[in-house]
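All remarks here apply to the structure that follows.
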Amino acid sequence: MSMKLRNSILLLLIMNLSLFADSSTWTLKRFNLYFENDTFAETDNEYTGGYKLSNVYYLPSDEPDFIEIPFLKSDEDSTFFSVAVAQQIYTPKDTESTEVVLDERPYSGWTYLELGMHYSCPAELDSLVMQVGVVGGRASGAEQFQKALHSLISIDSPKGWDNQLEDELGLNLIYQHKWRYTPEPIGWFEQSYIPFGEVGIGNVKTYARTGILMRIGLNPAEDFGSSSIDIGGENGIPIKKDCLCLDEKDISYTLNLTLAGEAVVKSMLLDGNLLTDSHSVEKEPFVANASFGFSARYEKYELDFIYTINSKKFKKEKGNHKYGSVIFSYLY
């Protein structure tokens, strides 16, 4: 994909985002800005960085039927729509070698547009998400972005990007269901438990995941929790249109813990390109994740920090991998 074509796609995306923002019937409820990096764990390899911008809109109940998904929406649900752009960057552990590092994961990037429909009520959330973009390095912009960032902060860039995966169109469809339980408070502190199940099908990744988010704190938001880019779905989907009670609860703070496990059938980022020969590694079929951190909100501003530990994702990976996520959100 040429630079000119990529820039044209980005321009069209920005124009579409502007149309959403100007809609007279759709209400912008939340903006999320994600920054993920393994420098929080003092490393620079494997999943080395991720970035995502997303908007969450409320859709009134009199929207046309064509935007409703059969078998998911009920009469009691509130409908939300999310649109996002994201990029994730992956490198081997040995970033000094200019040759292919056979026992380590390929250099690659995954840059995509994400569209999601979300149907929520106080006890449950259904989400159906489509991701479409580019896997590779050159067309995904992963190589250019990482080199520019490393130059900005005056550190050496990985030297093996010439061995990255070839450019390939990526498409994923993801369905997720969440439940929400809110037991009685413990003294001043409220608690919530949010189990979830998720299935993803596509040429980038085909998998099934299940897990639970647990949080305890002061005035937790009436939503389905905070999560990293990959684990847990879109950040802060409300249980209904007006539920944040900002006038009555200007401050909230929670401690969060997420435990998850997944079965992986296919992952282009490890298995290599589908349409051409490329470097690949033998993936682990089962992966576990543990994340912990906090959410803090003052009026309409929210800050989340999540520290994630992944078990080995491929057979010859040397130990677990860790990274941190910082999410800034503005609530409208």
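Note that the sequence shown covers residues -21 to -1, 1 to 311 in mature numbering (1 follows the signal peptide of the UniProt record, and there is no 0).
We put the beta carbon where it would ideally sit given N, CA and C, even for glycine.
Just so you know, these numbers come straight off a predicted model, no measurement behind them.
For F124, the enclosing alpha helix (DSSP H) covers residues A121 to L131.
L254 sits in coil when the DSSP states are folded into three classes, being neither helix nor strand.
Collapsing the DSSP output to three states places W158 in a strand. The shortest C-alpha to C-alpha distance from G112 to any of S61, Y36 and G88 is the one to G88. Beta bridge pairing from DSSP links V243 with Y186. Assignment of beta-bridge partners to F60 by DSSP yields Y36 and M96.
Judged by DSSP secondary structure, T6 falls within the beta strand (DSSP E) whose first and last residues are T6 to N16.
Take the alpha-carbon of A121 and the one of L144: they are about 11 angstroms apart.
Counting C-beta pairs with one atom in each stretch, the region 67 to 80 and the region 128 to 138 have three or more that are closer than 8 angstroms, which means they touch. Partner residues in the beta bridge of I195, as assigned by DSSP, are Q170 and L234.
Burial is judged here by how many other beta carbons sit within 10 angstroms of a residue's own beta carbon; K292 has at least 16 and is buried.
Here N151 carries a strand assignment [DSSP, helix/strand/coil].
Residue environment for F307: exposed (fewer than 16 other C-beta atoms within 10 angstroms of its C-beta). When DSSP states are grouped into helix, strand and coil, N214 belongs to the coil group.
The DSSP-derived three-state label of D146 is coil. Taken through DSSP and simplified to helix, strand or coil, A118 comes out as coil.
By the Cβ rule, the region 183 to 202 counts as touching the region 226 to 246, because three or more pairs are nearer than 8 angstroms. The beta carbons of P85 and N24 sit no closer together than 8 angstroms.
Judged by beta-carbon spacing, I288 lies within the 8 angstroms limit of N299, meaning their Cβ atoms are closer than that value.
Distance check between S257 and each of M247, N182, I218 and L310 places M247 closest, using alpha-carbon atoms only. In the three-state reduction of the DSSP assignment, A200 falls in the coil class, being assigned neither a helical nor a strand state.
The C-beta of Y277 has fewer than 16 other C-beta atoms within 10 Å across all chains shown, which makes the residue exposed. Between V260 and K301 a beta carbon distance of about 19 angstroms is seen, past the 8 angstroms cut, so the two are scored as non-contacting. About 18 angstroms separates the CB atoms of G179 and N214; that is not less than 8 angstroms, and the two are not in contact. Going by DSSP, F19 is part of no beta strand (DSSP E) at all; its letter is neither H nor E.
In the DSSP annotation of this structure, the continuous segment of the beta strand (DSSP E) that includes V266 starts and ends at F265 to Y277. Between E263 and W167, the alpha-carbon positions lie close to 43 angstroms from each other. Separation of Y37 and S133 (C-alpha to C-alpha, rounded to the nearest whole angstrom) is 42 angstroms. In the DSSP annotation of this structure, V79 is not part of any beta strand (DSSP E), being labelled neither H nor E. Ranked by how close their Cα comes to the Cα of S57, the residues A187, V35 and L310 have V35 in first place.
DSSP, read as helix, strand or coil, puts D141 in helix. Separation of the CB atoms of G95 and L107 is rounded to 7 angstroms, and the pair is thereby assigned contact status at 8 angstroms.
Within its own chain, the residues whose Cβ lies closer than 8 angstroms to the Cβ of P164, once the five positions on either side in sequence are excluded, are Q170, listed in chain order.
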